[in-house]
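Report on the structure given below.
In the working numbering, the protein residues as written are 112 to 413.
What follows is the structure in structure tokens.
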């Protein structure tokens with residue numbers, strides 16, 4: 112049973128987090144984005160030393176993924192990871208302030224025509240990505256620039272008021288949000304109507320899920336994307352945003368050919384899941400500080 116004191120503490124903390132969110136949402140966009148990014152670089156380095164949230168998780172994950180890297184290299188990546196996540200958060204507050212012209216100057220979509228091409232097949236489109244670069248800005252900006260609303264599968268936040276504020280910003284590009292806890296029926300409906308479903312596929316999955324190679328062997332991965340794609344005939348694109356030194360992003364789309372998977376056998380599900388995991392891993396190797404190492408991705412390995 113939850114005590115009254117602990118419940119009151121949780122309510123108070125949630126309220127304070129909500130107030131902080133509203134303050135940041137109001138104040139951050141008043142400053143030039145370039146200035147805010149400089150603040151993020153400074154604060155990110157400070158967080159590594161004075162507010163090391165999940166620092167050990169990130170260090171352990173990196174040691175597992177890159178055994179060839181020494182301690183100094185690992186710590187340098189983690190420091191950059193703090194800067195990246197703060198930048199993602201800061202840029203989130205600008206998203207709904209950016210018109211199409213501003214977004215076009217910030218996001219370079221290298222092959223946006225793939226989205227329209229895949230939708231011409233008539234079976235819907237699944238856009239799969241990971242917590243790399245700025246995944247929030249990518250979903251928001253790509254939908255707006257392509258004039259194609261996305262149906263984004265999200266994990267709801269436990270703080271209801273903060274959750275409402277976050278989702279309000281996410282949906283202002285015309286995107287519809289789908290709660291991952293009850294997502295299957297909605298996803299199938301969207302695909303049946305030849306719509307676009309966008310989701311992240313790099314979260315830690317339960318042990319009983321399909322096992323893939325993702326830096327290490329036998330990493331459980333969510334298999335829902337592969338199952339749905341094979342059973343519905345939906346097209347699949349892997350998308351990722353790469354941050355450039357000047358703060359702009361290159362959004363790259365990769366085709367994943369699902370026609371070779373004739374049925375939703377265990378082997379086919381594993382192979383399709385492995386395909387998009389390999390694409391993400393390649394990008395992570397090129398820019399390890401762009402990925403969210405603070406997540407306990409390897410907790411159910413083995």
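In this text, a Cβ means the ideal position worked out from N, Cα and C, and glycines have one as well. Keep in mind that this is a model prediction, so the values were computed, not measured.
- The Cβ atoms of residue 289 and residue 301 lie closer than 9 Å to each other.
- Following the DSSP letters along the chain, one finds residue 227 inside the alpha helix (DSSP H) bounded by residues 224-230.
- Sequence-distant partners of residue 164 (beyond 5 residues in either direction) whose C-beta falls short of 8 Å from its own C-beta, in its chain, are 158, 405.
- DSSP places residue 252 in the uninterrupted alpha helix (DSSP H) bounded by 246-256.
- Take the alpha-carbon of residue 205 and the one of residue 170: they are about 30 Å apart.
- Counting C-beta pairs closer than 8 Å gives three or more between the region 317-337 and the region 375-388, which meets the contact rule.
- Residue 278 has its alpha-carbon roughly 28 Å from the corresponding atom of residue 392.
- Within 10 angstroms of the beta-carbon of residue 126 lie fewer than 16 other beta-carbons, which makes it exposed.
- Within the DSSP bridge table, the entry for residue 348 names 238, 366 as partners.
- One alpha carbon belongs to residue 130, the other to residue 229, and they sit about 43 Å apart.
- For residue 176, the secondary structure class from DSSP, reduced to helix, strand or coil, is helix.
- For residue 309, there is no enclosing alpha helix (DSSP H); the enclosing beta strand (DSSP E) has its first and last residue at 307-311.
- Using a 10 angstroms sphere on the CB of residue 123, the tally of other CB atoms stays under 16, which defines it as exposed.
- For residue 161, the closest of 218, 193, 275 by C-alpha to C-alpha distance is 193.
- DSSP places residue 209 outside both helix and strand once states are collapsed to three, so it counts as coil.
- Under the Cβ criterion (8 Å, minimum of three pairs), the region 357-367 does not count as touching the region 308-316.
- If you look at residue 412, you'll find it isn't in any beta strand (DSSP E); DSSP assigns it neither H nor E.
- Distance from the Cα of residue 344 is smallest, within the candidate group 318, 330, 354, 371, for 371.
- Listed in chain order, the non-local C-beta contacts of residue 260 below 6 Å within the same chain comprise 254, 285, 286, local neighbours out to five positions each way being set aside.
- When the Cα atoms are used, residue 347 and residue 183 turn out to be separated by approximately 39 Å.
- Distances from the CA of residue 356 to each of 117, 166, 148 were compared; the closest alpha carbon is that of 148.
- A check of alpha carbon separations from residue 257 across 156, 237, 247, 215 identifies 215 as the nearest.
- Taken through DSSP and simplified to helix, strand or coil, residue 287 comes out as strand.
- DSSP links residue 139 through a beta bridge to no other residue.
- Around the Cβ of residue 133, a 10 Å sphere holds fewer than 16 other Cβ atoms; the residue is exposed.
- DSSP, read as helix, strand or coil, puts residue 281 in helix.
- Distance from the Cα of residue 398 is smallest, within the candidate group 145, 188, 172, for 188.
- Comparing C-alpha distances from residue 172 to each of 296, 326, 243, 128 shows the shortest one belongs to 326.
- For residue 393, the enclosing alpha helix (DSSP H) stretches over residues 377-397.
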